[in-house]
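Visitor: Residue numbers (the working numbering): 1035 to 1327. Virtual Cβ for every residue (Gly too), placed ideally from N, Cα, C. For reference, the structure I am asking about is given below.
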């Protein structure tokens, strides 16, 4: 029998996210009713790879007379549903696409079970709190809508530290949304620019300096979830270390220069005129009026 990683088509030591994607991919190839043994082997490989330990593979089952009813726990069902969601979604999927995907998954009859639904929500929370991954910025907004986190933020406390991080990020988002429109627009442009890996130009460093500092001070949890940490930290350091731009030359400078030259010419002309008048030989002697004795 193939070992766990070979069954999933992965190299030994693959990351959890890769294991889940591989499981979702292989699961789509199996008809669980027609091939229950194949499903059990795939399930064994998935659990063994996640645990990264030696697990005794299941013994071949005798051919059943009729398809058995598989007993899947709420946790297993949530894991399977979330793995399929991740497999179907591209990293650049839009908000509406993610929202519809999550809602579609939760419409499965198995999610009538409250425990299954709770486990599924917990997997989403854990992925977001695990740090930035491509698409997290959209998944965060979609999950907030689907799970109604804004109105029922107390439910996030059930997910320990991961839930607290999501709750804090929501509070930071509300704080940013309460800023004046001009500041919100500037923050939006900065966060959009952070999605682009191209280096910032000197002018961009100057423009994004204050928004980056505001995001760093007021929304660290939100940035941890929705922005690539390495790029965000590098740009923040670059903007803080960049020299301040030289002030642009005033548009009124040429006018002041012309006015100054005109004043100098006028002053020279007045000195010249008064000088001629004072030194003229035809100038009459001043009349001195003396009082009578």
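Could you say which of 1256, 1255 and 1242 lies nearest to residue 1268 if we only look at CA atoms?
Guide: Closest option to residue 1268, Cα to Cα, is 1242.
Visitor: Give every residue of the same chain whose Cβ lies closer than 7 angstroms to the Cβ of residue 1255, excluding the five residues on either side of it in the sequence, and list them in chain order.
Guide: Hits under 7 angstroms: 1199, 1202, 1203 and 1206.
Visitor: If you draw a straight line from the alpha carbon of residue 1234 to that of residue 1270, how long is it in whole angstroms?
Guide: Cα-Cα distance, rounded: 11 angstroms.
Visitor: Mind checking residue 1185: buried by the 16 CB within 10 Å criterion, or exposed?
Guide: The residue is exposed, with fewer than 16 neighbouring Cβ atoms inside 10 Å.
Visitor: Check for me: the alpha helix (DSSP H) holding residue 1205 runs from which residue to which?
Guide: Element bounds for residue 1205: 1194 to 1211.
Visitor: Threshold first: 4 residues or longer. Then list the alpha helix (DSSP H) segments lying entirely within the segment 1253 to 1279, N to C.
Guide: Whole alpha helix (DSSP H) segments, 4+ residues: 1254 to 1260 and 1263 to 1275.
Visitor: Can you grab the Cα-Cα spacing for the pair residue 1167 / residue 1038, in whole Å?
Guide: Whole-angstrom Cα-Cα distance: 26 angstroms.
Visitor: Is it buried or exposed, residue 1126, if we count other Cβ atoms within 10 angstroms and call 16 or more buried?
Guide: It is exposed - the Cβ of residue 1126 has fewer than 16 other Cβ atoms within 10 Å.
Visitor: At what residues does the alpha helix (DSSP H) containing residue 1181 begin and finish?
Guide: Counting along the chain, residue 1181 falls outside any alpha helix (DSSP H), and DSSP gives it neither H nor E.
Visitor: Counting pairs of beta carbons, one from the segment 1150 to 1159 and one from the segment 1181 to 1197, are three or more of them closer than 8 angstroms?
Guide: Contact between the segment 1150 to 1159 and the segment 1181 to 1197 is present, because at least three Cβ pairs lie under 8 angstroms.
Visitor: Just to confirm, are residue 1151 and residue 1113 a CB contact at a threshold of 9 angstroms?
Guide: Their beta carbons are not under 9 angstroms apart, which means residue 1151 does not touch residue 1113 by this criterion.
Visitor: Between 1069, 1071, 1108 and 1121, which lies nearest to residue 1057 when the distance is taken from Cα to Cα?
Guide: Of the listed residues, the one whose Cα sits closest to residue 1057 is 1121.
Visitor: Within a Cβ cutoff of 6 angstroms, which residues of the same chain sit near residue 1050, ignoring the five residues on either side of it in sequence?
Guide: Excluding residues within five positions, none has a Cβ falling inside 6 angstroms.
Visitor: If you scan the segment 1109 to 1193 from start to end, which runs of the alpha helix (DSSP H) of 4 or more residues do you find wholly inside it?
Guide: Listed in chain order, the complete alpha helix (DSSP H) runs (minimum 4 residues) inside the segment 1109 to 1193 are 1129 to 1140, 1148 to 1163 and 1170 to 1180.
Visitor: Please confirm whether residue 1044 and residue 1117 have their CB atoms less than 9 angstroms apart.
Guide: Not a contact, by the Cβ cut-off of 9 angstroms.
Visitor: Hey, how far is the Cα of residue 1225 from the Cα of residue 1074?
Guide: So the two alpha carbons sit approximately 45 angstroms from each other.
Visitor: List the whole-angstrom C-beta distance separating residue 1221 from residue 1249, where the pair is believed to meet the contact cut-off of C-beta under 8 angstroms.
Guide: So it is a contact: roughly 7 angstroms between Cβ atoms.
Visitor: Looking only at its chain, what residues have a beta carbon closer than 6 angstroms to the beta carbon of residue 1129, apart from the 5 residues adjacent to it on each side?
Guide: Taken in chain order, the residues that qualify are 1172, 1175 and 1176.
Visitor: On the criterion of 16 or more Cβ atoms from any shown chain inside 10 Å, does residue 1236 qualify as buried, or is it exposed?
Guide: Burial call: exposed.
Visitor: Exposed or buried, what is residue 1245 when buried is set at 16 or more other beta-carbons lying within 10 Å of its beta-carbon?
Guide: Buried is the call here.
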